[in-house]
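Top to bottom, those sequences are chains A and B.
If you count by the working numbering, then the first sequence holds residues 172 to 356, one letter each, in order.
If you count by the working numbering, then the second sequence holds residues 11 to 438, one letter each, in order.
C-beta atoms are modelled at their ideal positions from N, C-alpha and C, and glycine is treated no differently.
Data first, discussion second: the structure below is written as structure tokens.
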Amino acid sequence: MRRANAVDLRIAAAARAGATAVATLVSALAAAQEGPNLGVVATPEQVAAWDLTILPDGSNLPPGRGTAREGAAVYMEKCVACHGREGAGQPNDRLVGGHGTLTDAEPVRTIGSYWPYATTVFDYIRRAMPYTAPQSLTADETYALTAYLLYLNGIIREDEEMNAETLPKVVMPNRDNFVNAYEPR
Amino acid sequence: MTTHDPGEALEPVAGNGLLHRRLFLTGGAATLGAAGLTLLTARHARAAVPPEVPQWMKAPGAPLSAYGARSPYEAHVERMVGSQPGTTGSGGSRTPIEHLEGIITPSALHFERHHSGVPEIDPAQHRLLIHGLVERPLIFDMEALCRYPLVSRIQFLECSGNSAGNNAPEPAMVSAGAIHGLISCSEWTGVPLAILLEEAGLRPEARWLVAEGADAAAMSRSVPLEKAMDDAILAIYQNGEKLRPEQGYPLRLFLPGWEGNMSVKWLRRIKVTSQPAMTKDETSKYSDLLPDGKALQFTFPMAVKSVITSPSGGMLMQGPGLYQISGLAWSGAGRVRRVEVSADGGRTWAEAALSDPVLPKALTRFRMAWRWDGGPAVLQSRAVDETGAVQPTRAALLAERGAQYRYHYHAIQSWRVTESGDVVNTYA
Numbered sequence: 172m173r174r175a176n177a178v179d180l181r182i183a184a185a186a187r188a189g190a191t192a193v194a195t196l197v198s199a200l201a202a203a204q205e206g207p208n209l210g211v212v213a214t215p216e217q218v219a220a221w222d223l224t225i226l227p228d229g230s231n232l233p234p235g236r237g238t239a240r241e242g243a244a245v246y247m248e249k250c251v252a253c254h255g256r257e258g259a260g261q262p263n264d265r266l267v268g269g270h271g272t273l274t275d276a277e278p279v280r281t282i283g284s285y286w287p288y289a290t291t292v293f294d295y296i297r298r299a300m301p302y303t304a305p306q307s308l309t310a311d312e313t314y315a316l317t318a319y320l321l322y323l324n325g326i327i328r329e330d331e332e333m334n335a336e337t338l339p340k341v342v343m344p345n346r347d348n349f350v351n352a353y354e355p356r
Numbered sequence: 011m012t013t014h015d016p017g018e019a020l021e022p023v024a025g026n027g028l029l030h031r032r033l034f035l036t037g038g039a040a041t042l043g044a045a046g047l048t049l050l051t052a053r054h055a056r057a058a059v060p061p062e063v064p065q066w067m068k069a070p071g072a073p074l075s076a077y078g079a080r081s082p083y084e085a086h087v088e089r090m091v092g093s094q095p096g097t098t099g100s101g102g103s104r105t106p107i108e109h110l111e112g113i114i115t116p117s118a119l120h121f122e123r124h125h126s127g128v129p130e131i132d133p134a135q136h137r138l139l140i141h142g143l144v145e146r147p148l149i150f151d152m153e154a155l156c157r158y159p160l161v162s163r164i165q166f167l168e169c170s171g172n173s174a175g176n177n178a179p180e181p182a183m184v185s186a187g188a189i190h191g192l193i194s195c196s197e198w199t200g201v202p203l204a205i206l207l208e209e210a211g212l213r214p215e216a217r218w219l220v221a222e223g224a225d226a227a228a229m230s231r232s233v234p235l236e237k238a239m240d241d242a243i244l245a246i247y248q249n250g251e252k253l254r255p256e257q258g259y260p261l262r263l264f265l266p267g268w269e270g271n272m273s274v275k276w277l278r279r280i281k282v283t284s285q286p287a288m289t290k291d292e293t294s295k296y297s298d299l300l301p302d303g304k305a306l307q308f309t310f311p312m313a314v315k316s317v318i319t320s321p322s323g324g325m326l327m328q329g330p331g332l333y334q335i336s337g338l339a340w341s342g343a344g345r346v347r348r349v350e351v352s353a354d355g356g357r358t359w360a361e362a363a364l365s366d367p368v369l370p371k372a373l374t375r376f377r378m379a380w381r382w383d384g385g386p387a388v389l390q391s392r393a394v395d396e397t398g399a400v401q402p403t404r405a406a407l408l409a410e411r412g413a414q415y416r417y418h419y420h421a422i423q424s425w426r427v428t429e430s431g432d433v434v435n436t437y438a
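Laid out in structure tokens, this is it:
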């Protein structure tokens, strides 16, 4: 079904005015900051419910807390089948170790040896893990798992609590080795 | 039809039998037919030659159909599927480029790279949320998005992990698609992202956006705002019909010329930010480790590249004679300006014919005539794009980056033709 609508009328008007390419219309719309305006304004509650993005400064980290000790139990139940005992890997990604191997012929890239930001661990677990049941963990379980993986990599202490305040302050060992190659035009 | 061998009149232009590209330029089609250039394809055992009348002329054919299917004789042309351990939906499937011609990849053969399977999305329930550093966070349904002005462009999509197999110390004895099949090209139709961002109203501190898919991995990548406002679209159609589920139905971000992972499929959310989110797929993955331990991040554009698709790995030459060399070239920086071909491992080169259309950030088909004398040969192609960037040799690329770079491999591919006619991957 195709309805007559505001955009169709704009296209017709543009065609009458001699602007044959839709691209012209598009750029005209963009330049005028004027579009069909068919979006519905989202409420803060709607945005909060969908927003999974955690920035490296920790913004948007949810309330909650966890330690490595608590995370170990969650790991043994929900992670060990794919990532091995204590993050040793197999059948899927190794999560622990590899420190100092990045200049080797066979570098071992793990959370501890390679990942530049601790917030990424929380962000990724929350959105995508466990593989068969993503977005099923509580915030406390996610903080605890994050703490466990940081602890196994020797980055935090076993009793150190991870929460929205402490997690962004964790400095990952490889942070300074990432180089931004993007050059804006 | 002429009775003499028109190949005699063909002019050699480089070593080991390469002939002038005029054969493929305008007006050369008749010559080409007479020259009997063969594209390497499987030969069928028997033909319905006169005086026999073929069986399919002696009874009415199959009924009309609501949605077409290819000939069963082409059923062997398939994507090469490889999934990660313990999963069926994570991993990649590669386009069999050695079986295809022209520049458009059939939608059913477009390569796949998924991180947690292909979601089955009801478009009536799908929503796009744009929020973050905007004046008005907005929600769009698919019906609304389809009412925006649409643009259509023929452009390639390439996974930045494409061709990484050629980093291996020994060349794998596999096909062109198995090595280079994470490349495809479609006509993409969708809404320019700039329009929607303008409607939401960008705040002055806006520099990036974070795109997220509605798959079970909620795949997420950060994109510079310059790209979003330049040529990014929200694609709804691929090759004239709605996107395939495995290409992001009902909505995908499409970033022309940039590494495929960023063109987030099943797009459900765009958060405008002042900085990149440092997601797993822009730190742990899709970053390029250098020999000194530094890692390049945000290496977005796909570099100039080409590959000969026929003859290519796994094919068998049908005896000495005239052959059509055919291949693909592309660049994330714009148009392909020139492709050169060598039949002697890079000692001498000659310019190939580029088939129209030659479009920016699209696959470009090149062709070359070659008289194979039955001796050993090494076929190579080397692309140059409109910025003057030249496709490097494998040795030069590895010397520059080391073998752990992993992504963005774009070196010259070499195919060795043996005296027995076998065509195999080689590092020349």
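- Closest option to residue 270 of chain A, judged by alpha-carbon separation, among A:355, A:353, A:344 and A:354: A:344.
- For residue 233 of chain B, the enclosing beta strand (DSSP E) covers residues 230–234.
- Following the DSSP letters along the chain, one finds residue 376 of chain B inside the beta strand (DSSP E) bounded by residues 374–382.
- Residue 130 of chain B sits exposed, since fewer than 16 C-beta atoms from the chains shown fall within 10 Å of its C-beta.
- Looking at the backbone, the Cα of residue 267 of chain A and that of residue 295 of chain B are separated by about 16 Å.
- Look at the stretch 162–175 of chain B: it has no residue with a C-beta under 7 Å from a C-beta of chain A.
- No residue range can be given for residue 418 of chain B, since it is assigned to no beta strand (DSSP E) and is classified by DSSP as neither H nor E.
- When A:316, A:293 and A:341 are compared, the shortest CA-CA separation from residue 250 of chain A is found for A:316.
- Within chain B, the residues 230, 287, 288, 289 and 290 have their CB atoms less than 9 Å from the CB of residue 294 of chain A, given in chain order.
- From the listed residues A:321, A:286, A:329 and A:305, the smallest Cα separation to residue 297 of chain B is found for A:286.
- The beta-carbon separation of residue 377 of chain B and residue 284 of chain B, rounded to 49 Å, does not stay under the 8 Å limit for a contact.
- Just measuring C-alpha positions, the residue of A:235, A:230 and A:318 sitting nearest residue 282 of chain A is A:318.
- Here residue 112 of chain B has 375 as same chain residues with Cβ atoms under 7 Å from its own Cβ, once five neighbours each way along the sequence are excluded.
- For residue 285 of chain A, the residues of chain B that pass the 9 Å Cβ criterion are 293, 294, 297, 299 and 305, in the order they occur in the chain.
- As DSSP reads the structure, residue 390 of chain B sits in a beta bridge with B:352 and B:424.
- Shortest Cα-Cα distance from residue 209 of chain B to any of B:237, B:274, B:141 and B:264 involves B:141.
- For the stretch 305–318 of chain A, the set of residues with a beta-carbon nearer than 8 Å to any beta-carbon of chain B comprises 305 and 306, in chain order.
- Interface annotation for the stretch 230–258 of chain A against chain B: 253, criterion Cβ-Cβ distance under 7 Å.
- By alpha-carbon distance to residue 281 of chain B, the top candidate from A:223, A:329 and A:214 is A:223.
- At the C-beta level, residue 364 of chain B and residue 399 of chain B stay beyond 9 Å of one another.
- Excluding the 5 residues flanking it on each side, residue 323 of chain B has same chain C-beta neighbours closer than 8 Å at 108, 183, 184, 185, 186, 188, 189, 425, 433, 434 and 435, in chain order.
- Here the stretch 100–107 of chain B makes contact with the stretch 120–139 of chain B; the two share three or more CB pairs at distances below 8 Å.
- Under the DSSP assignment, residue 168 of chain B falls in the beta strand (DSSP E) whose first and last residues are 161–168.
- Per DSSP, the beta bridge partners of residue 277 of chain B are B:223.
- When beta bridges are read from the DSSP output, residue 331 of chain B appears opposite B:382.
- The beta carbon of residue 20 of chain B lies closer than 6 Å to those of 29 in the same chain, with the five residues before and after it left out.
- Under a 10 Å Cβ-count criterion, residue 312 of chain B is classified as buried, with 16 or more other Cβ atoms of the shown protein chains found around its own Cβ.
- Between the alpha carbons of residue 261 of chain B and residue 309 of chain B lies a distance of about 24 Å.
- Only residues of its own chain outside the window of five on either side were considered, and among them 122 and 128 have a CB closer than 6 Å to the CB of residue 256 of chain B, listed in chain order.
- At least one C-beta of chain B is nearer than 9 Å to the C-beta of residue 262 of chain A.
- Uninterrupted alpha helix (DSSP H) stretches at least 4 residues long and entirely within the stretch 246–332 of chain A occur at 251–254, 289–299 and 310–323, given in chain order.
- Using a Cβ-Cβ distance cut-off of 8 Å, the stretch 195–203 of chain B and the stretch 241–256 of chain B are in contact, since at least three pairs of beta carbons, one from each stretch, lie closer than that value.
- At a beta-carbon threshold of 7 Å, none of the residues of chain B lie near residue 335 of chain A; the nearest stands roughly 16 Å away.
- In this structure, DSSP gives residue 24 of chain B an extended state, which the three-state scheme calls strand.
- Closest in alpha carbon position to residue 162 of chain B, among B:202, B:71 and B:88, is B:202.
- By the CB criterion at 9 Å, residue 417 of chain B and residue 292 of chain B fall outside the cutoff.
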